[in-house]
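A.B. asks: Residue numbers (our numbering), protein chains in the order written: chain A, -9 to 105; chain B, 7 to 123. We put the CB at the ideal spot given by N, CA and C, even for glycine.
#1: For residue 75 of chain A, which three-state DSSP category applies?
#2: Using the beta-carbon count (16 or more within 10 Å), is residue 59 of chain B buried or exposed?
#3: State the DSSP-derived secondary structure class of residue 86 of chain B, mapped to helix, strand or coil.
#4: For a test of the three-state rule: what should DSSP assign to residue 79 of chain B, helix, strand or coil?
#5: Does residue -2 of chain A get closer than 8 Å to chain B when you measure Cβ to Cβ?
#6: Which same chain residues end up closer than 6 Å to residue 85 of chain B when comparing Cβ atoms and leaving out the 5 residues on each side of it in sequence?
#7: Do residue 61 of chain A and residue 80 of chain A have their beta-carbon atoms positioned less than 8 Å apart in this structure?
#8: Going along chain A, which residues have a C-beta under 7 Å from residue 48 of chain B?
#9: Between the Cα of residue 14 of chain B and those of B:115, B:122 and B:123, spot the shortest distance and give me the residue it belongs to.
#10: Applying the criterion that 16 or more other CB atoms from any shown protein chain within 10 Å of the CB defines a buried residue, is residue 115 of chain A buried or exposed?
#11: With three or more beta-carbon pairs closer than 8 Å as the criterion, would you say the stretch 6 to 18 of chain A touches the stretch 58 to 75 of chain A?
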């Protein structure tokens, strides 16, 4: 079936503007993750949704970052008042419910550039 | 805390050369260990995994053994091909009951591999 889909694939925005990134997980995957990858760095965990449980927001770097997910479908990551240090590739991943060590399925990411 | 350290790249090899990408970890409890690969223009995908000490994960000719005594999970392949050119990420999964998100993977910085014909 279809994999994890992210849009847009690239986004260039001016400092101070708000941006919204979208993730369509694999159908039936109850767990959804957002990661950030800065140039030359590893993947940095941002937020995790699991079904109807309260999301784990412990990785969000500031209150300018927020994310929503309705049920087990689409998620949006919003960055308000973007800063240049927000420039990175934002990756979304989903996972079926089950053993905690089942693999994550990643989208191709959104490359965000803040000028 | 939990962390993953992998060798820095880029690594450039000739076709049919032997590959080792080192990965060591720090973790509480007994994490599962993973190698993910990102081919050019594609998303990350699972390459192999090992869920307990002394397990060997293998896929596409790649192998990695979960070594608890050395806290390592080095990736190896006996004969690389041009098509193996990609970025490789070592990762660990925080085990349940040790806090944080279940299934939350902690990644290394990635190692870029280029294989020349």
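C.D. replies: Taking the geometry as given:
#1: Residue 75 of chain A sits in a helix when the DSSP states are folded into three classes.
#2: Within a 10 Å sphere around the beta-carbon of residue 59 of chain B sit fewer than 16 other beta-carbons, which makes this residue exposed.
#3: Under the three-state reduction of DSSP, residue 86 of chain B is assigned to coil, being neither helix nor strand.
#4: Reduced to three states, the DSSP call for residue 79 of chain B is coil.
#5: Output row for residue -2 of chain A: interface = no.
#6: Its chain contains 22 as the residues whose beta carbon lies nearer than 6 Å to that of residue 85 of chain B, once the 5 sequence neighbours on both sides are disregarded; these appear in chain order.
#7: Not closer than 8 Å, so no.
#8: Chain A residues near residue 48 of chain B: 98.
#9: Nearest option by C-alpha distance: B:115.
#10: Residue 115 of chain A falls outside the range modelled here, since chain A spans only -9 to 105, and no answer is possible.
#11: The answer is yes - the stretch 58 to 75 of chain A touches the stretch 6 to 18 of chain A, with three or more Cβ pairs under 8 Å.
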